[in-house]
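Numbering (full-length UniProt numbering), first residue to last: 1 to 292.
Right, one structure below, let's go through it.
Okay, here's the thing in structure tokens:
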């Protein structure tokens, strides 16, 4: 069981990277808003059927609670900006910035949940943000304004993760999946209202959207299963494999060529995140051993 957690996490990260690849490819033909709406509608339909087959009610009373409303808002903002980012910027660059999400979550846990962080973790968080700046390089010719969308998307996902921690445990992962994909539909409709629907998808884009839905549902399911088996401290670090898969797909499919600074910044972010996870788990073990 200990080994299945990291394996499932790695599989889910690979699937998420493939999902991004299909969406990015489809958005070369159709608008971002239409792609998001279609993808969200497809994924929501799958989880709605799943919920009904399991006899779960579709509208849980907790959906109107503050944590769920914050989660939904963060999901919309995160998905909207993240999708804009990898539609306009290299997939490898956007995925590298996304890896800073755990660092922002750690910072948010201090601010909103009162968690105690020592100077080592503060240093690791600071270095992680330095890694983001290494990739962005503001004020230089290498800076791309579209990469700001990746930062905003990353902040949205961090807010979603923090709100999820405060979500009522009575909600199942299938129900959260329904609401999560519903937020994608809403994000897509917001984009359509601003930019217009654009052209309808042709055969190629339709197939890519369908594959993105199938892969996205499998990715979400694998991620949920990964967090339920084995030890969290062993499983969570394998989230960073998503960057590797995104880099490979970006280079192989879209002909991207990340420069040395992007590789270096990515390494700093991943190392900082892994150390933050290590220190948090070590601190939890120390508290557990402390005599009462």
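Glycine is no exception: its CB is placed at the ideal position from the N, C-alpha and C atoms.
Discussion item. Residue 238 and residue 65 - do their beta-carbons sit closer together than 7 Å?
Written reply: Residue 65 sits at position 65 when you count from the first residue of the chain shown. Residue 238 sits at position 238 when you count from the first residue of the chain shown. Contact flag unset, no.
Worksheet item: Quick one: what does DSSP say residue 56 is sitting in, helix, strand or coil?
Response: Your numbering for residue 56 matches position 56 in the chain shown. Residue state, collapsed to three classes: coil.
Discussion item. By alpha-carbon positions, which one of 79, 133, 38 ends up nearest to residue 261?
Written reply: Looking up residue 261 in the chain shown gives position 261. Closest option to residue 261, Cα to Cα, is 133.
Worksheet item: Which residues in the same chain as residue 220 place their Cβ atom closer than 7 Å to its Cβ, once the five residues preceding and following it in sequence are excluded?
Response: Within the chain shown, numbered from 1, the residue matching residue 220 stands at position 220. The answer, listed in chain order, is 177.
Discussion item. Let me make sure I understand the geometry here. Which of 42, 69, 202 has the alpha-carbon closest to that of residue 215?
Written reply: Residue 215 sits at position 215 when you count from the first residue of the chain shown. Taking only the C-alpha atoms, the option nearest residue 215 is 42.
Worksheet item: So what's residue 172 in DSSP terms, helix, strand or just coil?
Response: To locate residue 172, count along the chain shown from 1; it is residue 172. Correct three-state label for residue 172: coil.
Fill in: Through-space distance from residue 39 to residue 213, alpha-carbon basis
Taking the first residue of the chain shown as position 1, residue 213 is located at position 213. Taking the first residue of the chain shown as position 1, residue 39 is located at position 39. Cα-Cα distance, rounded: 6 Å.
Item to complete: Buried or exposed for residue 140, please, with buried defined as at least 16 other CB atoms from any protein chain shown within 10 angstroms of its CB.
Response: Taking the chain shown and counting its residues from 1, the one referred to as residue 140 is at position 140. Looking at its Cβ environment, which holds fewer than 16 other Cβ atoms inside 10 Å, residue 140 is exposed.
Worksheet entry | Which listed residue (222, 184, 254, 86) has its alpha carbon closest to that of residue 7 | For the purposes of this step, residue 7 is taken as the residue at position 7 of the chain shown. Considering only 222, 184, 254, 86, the residue with the shortest C-alpha distance to residue 7 is 222.
Worksheet item: Does the separation of the CB atoms of residue 224 and residue 71 fall below 7 Å?
Response: Working through the chain shown from its first residue, we reach residue 224 at position 224. Working through the chain shown from its first residue, we reach residue 71 at position 71. Against a cut-off of 7 Å, the Cβ pair of residue 71 and residue 224 comes out as no contact.
Practice prompt. Put residue 194 into one of helix, strand or coil per three-state DSSP.
Written response: Within the chain shown, the letter at position 194 stands for residue 194. Three-state DSSP puts residue 194 in a helix.
Worksheet item: Under three-state DSSP, which class holds residue 25?
Response: Here residue 25 refers to the residue found at position 25 of the chain shown. Helix, per DSSP.
Worksheet item: Using the beta-carbon count (16 or more within 10 Å), is residue 107 buried or exposed?
Response: Here residue 107 refers to the residue found at position 107 of the chain shown. With 16 or more other Cβ atoms inside 10 Å of its own Cβ, residue 107 counts as buried.
Fill in: Per-residue burial, residue 200 [other beta carbons within 10 Å of its own, 16 or more giving buried]
Numbered from 1 along the chain shown, position 200 holds the residue referred to as residue 200. The residue is exposed, with fewer than 16 neighbouring Cβ atoms inside 10 Å.
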